[in-house]
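Read top to bottom, the protein sequences are chains A and B.
Taken in order, the first sequence gives residues 935 to 1543; the numbers are from the numbering used here.
Taken in order, the second sequence gives residues 935 to 1543; the numbers are from the numbering used here.
Note that beta-carbon positions come from the ideal geometry of N, C-alpha and C, so glycine has one too.
In what follows, a structure is listed as structure tokens, so that the remarks can point back to it.
2 protein chains.
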Amino acid sequence: MDDRIDLWNELAAQLGVDSIRSTTEAGSGHPTSSLSAAHLVAVLFADHLRTDLDDPRSPANDRFLLSKGHAAPVLYAALKAVGAIDDATMMTLRRFGSPIQGHPAPVPELPWVEAATGSLGQGPAIGLGMALAMRMDDSPARVWVMLGDSESAEGSVWEAFEAASYHGLANLACVLDLNRLGQRGPTMHERDADAFLLRAHDYGWQALAIDGHDVAAIDAAYREAAEQDRPTLIVARTVKGHGVSEVADQEGWHGKAMPKDLAERAIEELGGVRSITITPPKPEPWLPPTAPPPAGASAPTFEDDVATRKAFGATLAWLAGERADLVVLDGEVGNSTHTEDVEKAAPEHFVQMYIAEQALIGAATGLQALGKTAFAATFGAFLTRAFDQVRMASIGRADLRLCGSHAGVSIGEDGPSQMALEDLAMFRAINGSTVLYPSDPYATARLVAAMADLPGISYLRTTREATPSLYGPDEDFPIGGSKTLRDGDDVTIVAAGITVHEALRGADRLAADGVSARVLDCYSVKPIDAAALRAAASDTPLLVVVEDHRIEGGLGDAVLDALASSGATAARVRKLAVTEMPGSGSPEELRAWAGIDADAIVRAATSAT
Amino acid sequence: MDDRIDLWNELAAQLGVDSIRSTTEAGSGHPTSSLSAAHLVAVLFADHLRTDLDDPRSPANDRFLLSKGHAAPVLYAALKAVGAIDDATMMTLRRFGSPIQGHPAPVPELPWVEAATGSLGQGPAIGLGMALAMRMDDSPARVWVMLGDSESAEGSVWEAFEAASYHGLANLACVLDLNRLGQRGPTMHERDADAFLLRAHDYGWQALAIDGHDVAAIDAAYREAAEQDRPTLIVARTVKGHGVSEVADQEGWHGKAMPKDLAERAIEELGGVRSITITPPKPEPWLPPTAPPPAGASAPTFEDDVATRKAFGATLAWLAGERADLVVLDGEVGNSTHTEDVEKAAPEHFVQMYIAEQALIGAATGLQALGKTAFAATFGAFLTRAFDQVRMASIGRADLRLCGSHAGVSIGEDGPSQMALEDLAMFRAINGSTVLYPSDPYATARLVAAMADLPGISYLRTTREATPSLYGPDEDFPIGGSKTLRDGDDVTIVAAGITVHEALRGADRLAADGVSARVLDCYSVKPIDAAALRAAASDTPLLVVVEDHRIEGGLGDAVLDALASSGATAARVRKLAVTEMPGSGSPEELRAWAGIDADAIVRAATSAT
């Protein structure tokens, strides 16, 4: 045991030294936040984090999530100590082009990093998603999440604690680095470990406090955590900048790299540079469970007038029979979004996250990191609650398949708090995203099925009310495509989702007035069918773009962007969208009020000619 | 006392009856969620919520926030009972054009509703902001927030509980309507009141549980809450659909209006229609504190090369001396955003919210409802954590003055988790918002001062690095304006913030090559200077729009939108923006990589001619 203690202490010193070396070399970074965590990370990587380094993505591996992502240097130092990266690579911290980024991001060179962190408070939800996946796969693996104390002011942390307890995730442990100092000064609770112990306990977790620099105590706590029947919080009393007397426990050192002279003294005080390599413990033997064979059922078909949200649910329920890896998450609105279809048909594929959208997205992110095909759905309006989690998931190169229901003013009487009016803008702005807005059940079914294999963040918008089918079961809907539902030369009406139906009504009325209107269903908002739009701009003198969404950032902006890129400026573009604050009303009244119904389309189409 | 008990019970029955009447008339709504709250609301409005109905916005009035906003019918029924609205008005629930919306929204006809609710879990933070304002004004008023149990899965609730306790807000009480049933089925905790009591206690609140339909117990609990030295949580055990045996405590009735026949039986069971009017208790006498006179100091001036984030902080500190009603909120990054200048110069104007952006925005929303001029700042990237709160604040007609620092890839080595890349898209899409992105300290100072009086949601984006001053202290920056920093006829470079400096460098190099470039500083991204853009599109054959932001939804889309609205399509528009996922690096390296630096501008300007 003494040998292990010596090793852990030496390794901790090395992690500290390496955190100083890399940040001083970079000229920026968070060495003091790394030093407070050094012993905790050392013991974990040396003796607890069971990993097959040659198979970093194996579901049998334990996972470590550095929720306090700014302590990235200590993570990179640990990866070096286990031989995953070499010293020269570690020393490229924060350099342009280096995989060793300022905050951990999953890049190809770092398969041991599976989620991006750096926006605080997000680790626990991602961790719980990973833990769920491990349990689904009967994996003996565990998830370890390191939290900061200042970070734990984020409600998202406790939202995830609630969910982890509810789901009985005994394979999840959080280690809270209680170093007393936040960015500008002391935290709310400073050294009061009880504040966190009591709460964790109230949330149904096992909770214990230790000296975060006593490696024997750390090891004992980790062993205890692994034996619990519930998730465990270990509150570790630490010192920010531990081991470096000139900065230890002092304000003003958050996020500051040490100047060279101080760095030299600090390294000397820590005992100098080491070159310890450790062999992490191996994972337990594990075989993936036998996946049930696909049911081989046909994709759903629809009677006329089915809401796209219902088609979404039906398609997911079908997919659950075809794909063993499918997981569908709900935020207590499954009867509205129709994920309840999965809950009924295939409950083992369904996870209830209750009214907690941040945890909903975080858990989906964790599940997909462990190989699940994760769909999550709630009201489109409520996905704004998790914009930061979506943003971080995109940095994390995650594959998320998200659905926002209750699009636009068309939801009617519930009023604006429940209306998704900014969601197309939100998701268009996400790097590499796919944004889809089907207008009928068959388009929905095809696109939902396609989403199951799309990389990155994909988002599908569904409508509350029932709408007629415009397409049939054999129609293809390529990502980046569109459908020309009517041909015409006098004007093009570009629409998506609910406004496609208004567009068709408008086109019929225009036809009766001798105006031939082309109708484009741009079900793929991003990537958008630039070729079809260019052709329309070339063939018709006016494009009327109509969307049940704010005028900023949505379909209209996507159309303008596509035309500008092509240099096609001959046609005029008129945008119809929501420009004022709605109230309650029927869908028809509200669409008329917003100027996005058939009447408005006819007016827009004819007043310009 | 018995008289009061009879009154409360009768009033509760009336509130229930009226909730049924209005929702059945509307054909939609949440009567069962209203019935569970009826006794709680009755006792509160009859004997505890001190209000001068003729002066609804008086800071001396107690405030009631219905965080479980879908129970709006019971709130409207209470407003009718106190005579604020009449029955006919109440019965227009959910109708198009009615102020009696599906979820409460502050509209001119309803001055007693000061915040929008309906996206769950947001009431406590808004309530804590109101409570802070009351304390700042030495008002004896109190804030009462009604929460749902399912709603309390939202981490934002506990984030606010933490903050309320930290700030010692004894004038804040939350009443949790523990009716066991969520939208699709039972909540996580069902009837386990202890789950909430323990947590509230460990968050530092007083906490007690009562029978939520025992009016004497409710009254006693409210009196107890008013005497505490800390915030109070009252967990009220209730029955969803209480009093209507056909629906009480039954699943499947969330968000369903009763059909007429059932409504009639329900009303009869509740004892029939009443017409009780109550006189709410009067507020305690109060006089606003004497506001200190403005210091009369001059606006700050700046040496060359000052970061706009520093100018932001300096301007706020100056404003704090001029405006007694100014409140500045920080999310534990005040040394980065420079709100710390206010903390140092005028600590009584400063509120620390720690790492809790949802509570940051919620508290600002509550403060402004009570007449404060509230500024809140954090990293622009972290404002995505509070998009739903911003969205709800806009529905709430709130005046919020928000600043997001650390814009774009230009933050450098910290990497993408800390970069604001989607914030212009997020804020452009908010109804009635103002979006500002100053390029130098003097522009910043002018715009920050202007923001202090702007209605609605205004957002200012600041830069991490120091940049030269381009303007002087006497320059005006009208909202919706722009600055032409260089005249030219061959190409127009449209930029904002950090890219203005790249644009000027690019213009210099183009000039050396004989290409005359106009440079437009579009510091006002929304509303944007469409006239200047139209003129540029008319005068020059090419517009190069360059922004340190995603290519979707930001400055480029705003420019295209302005030009499309005017029909000006002669000029080509080329957008330079961030189109891929950044890593770490220096600001210069990252701007070059993103194709938004002077070199890229020159290439874009010349390759098209």
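task = Tell me where the beta strand (DSSP E) around B:Ala-1310 begins and ends.
result = 1307-1313
Measuring straight from C-alpha to C-alpha, what distance separates A:Gly-1206 and A:Met-1192?
15 Å
Q: Taking B:Leu-1110 as part of the alpha helix (DSSP H), name the residues at either end of that continuous run.
A: Run containing B:Leu-1110: none in the alpha helix (DSSP H); it sits in the beta strand (DSSP E), 1106-1112.
Next item on the list: Below 8 Å between beta carbons is the criterion; list the residues of the region 1383-1402 of chain A that meet it against any residue of chain B, in chain order.
Entry: none
| field | Cβ shell of B:Ala-1377 (< 6 Å), same chain only, five flanking positions each side left out | value | Tyr-1405, Phe-1411, Tyr-1457
Output needed for B:Val-977: all residues of its chain with C-beta closer than 6 Å, excluding positions within five of it in sequence on either side, in chain order. Trp-942, Val-1149, Ile-1152, Asp-1153
> Under the three-state reduction of DSSP, which class applies to B:Leu-1334: helix, strand or coil?
Replying inline: strand
Tell whether a beta-carbon distance below 8 Å holds between A:Thr-1418 and A:Leu-1394.
no
Requested in this report: Flag this pair as yes or no: are the beta carbons of A:Asp-1111 and A:Leu-1304 separated by less than 8 Å?
Outcome: no
Neighbourhood of B:Glu-1347 by C-beta, 8 Å cutoff - its chain only, sequence neighbours within 5 removed: Ser-1518, Gly-1519, Ser-1520
Output yes if chain B places a C-beta closer than 8 Å to the C-beta of A:Thr-1543; else output no. For A:Thr-1543, the predicted structure reports a pLDDT of 48, less than 50, and the residue's modelled location is therefore unreliable. A value from the coordinates is still provided. No, because no Cβ of chain B sits closer than 8 Å to the Cβ of A:Thr-1543.
Using 8 Å as the limit for Cβ to Cβ distance, is B:Thr-1318 near chain A?
-> yes
Under 8 Å from the C-beta of A:Tyr-1100: neighbouring residues of chain B:
Met-1122
Point to revise | Selection from A:Ala-1320, A:Val-1008, A:Met-1080, A:Arg-1325 that minimises the alpha carbon distance to B:Val-1324 | key: A:Ala-1320
Worksheet item: DSSP three-state call for B:His-973: helix, strand or coil?
Response: helix
### Message
Does the region 1236-1256 of chain B come into contact with the region 1264-1275 of chain B, if we say contact requires no fewer than three beta-carbon pairs (one atom in each stretch) closer than 8 Å?
### Response
yes
| query | Taking only beta-carbon atoms, is B:Leu-1044 less than 8 Å away from chain C? | reply | The structure shown contains no chain C; its protein chains are A and B.
Handout entry: Proximity of A:Val-1512 and A:Arg-1484 at Cβ, strictly below 8 Å
Key = yes
Could you tell me the alpha carbon to alpha carbon distance between B:Ala-1129 and B:Glu-1158, rounded to whole angstroms? 21 Å
Within 10 Å of its beta-carbon, does A:Arg-1506 have 16 or more other beta-carbons around it, so buried, or fewer, so exposed? buried
Taking any Cβ of chain A, which residues in the region 1344-1361 of chain B have a Cβ under 7 Å from it, in chain order? Glu-1347, Asp-1348, Gly-1349, Pro-1350, Ser-1351, Gln-1352, Glu-1356, Ala-1359, Met-1360
In whole angstroms, give me the CA-to-CA distance for B:Asp-1491 and B:Thr-1051. 31 Å
DSSP-derived helix/strand/coil call for B:Trp-1078:
strand
Taking buried to mean at least 16 other C-beta atoms within 10 Å of its own C-beta, is A:Gly-950 buried or exposed? buried
Note to self: Just to confirm before moving on: does the CB-CB distance between B:Ser-967 and B:Lys-1002 stay below 8 Å?
What the structure shows: yes
(message) Let's see if you can read the secondary structure: which residues bound the beta strand (DSSP E) around B:Ser-1090?
(response) It is not in any beta strand (DSSP E) - B:Ser-1090 instead sits in the alpha helix (DSSP H) that spans 1089-1100.
Check the Cβ of A:Trp-1092 against every Cβ in chain B and list those closer than 8 Å, keeping chain order. Gly-1089, Trp-1092, Glu-1093
* **Three CB pairs or more closer than 8 Å across the region 1359-1368 of chain B and the region 1237-1246 of chain B** => no
Inset, instruction - Might you give, ordered along the chain, the residues of its own chain that have their beta carbon closer than 7 Å to the beta carbon of B:Lys-1460, omitting 5 neighbours on each side? - result: Arg-1362, Ser-1367, Thr-1368, Val-1369, Ala-1492
Terminal residues of the beta strand (DSSP E) in which B:Lys-1194 lies | Run containing B:Lys-1194: none in the beta strand (DSSP E); it sits in the alpha helix (DSSP H), 1194-1203.
| said: Tell me the rounded alpha-carbon separation between A:Ala-1532 and A:Gly-1431. | reply: 14 Å
Quiz item: Who are the neighbours of A:Leu-1054 on chain B, taking C-beta pairs under 8 Å?
Solution: Ile-1289
Note to self: Tell me which residues share the same chain as B:Leu-1054 and place their Cβ nearer than 6 Å to its Cβ, disregarding the 5 neighbours each side in the sequence.
What the structure shows: Glu-1085, Glu-1088
- Where A:Gly-1031 meets chain B, residues with beta-carbon distance less than 9 Å: Gly-1517, Ser-1518, Gly-1519, Glu-1523, Trp-1527
Looking at A:Thr-1307: is its Cβ nearer than 8 Å to the Cβ of A:Asp-1259?
yes
Next item on the list: With a 10 Å radius around its C-beta and 16 neighbouring C-beta atoms as the bar for buried, classify B:Ala-1134 as buried or exposed.
Entry: buried
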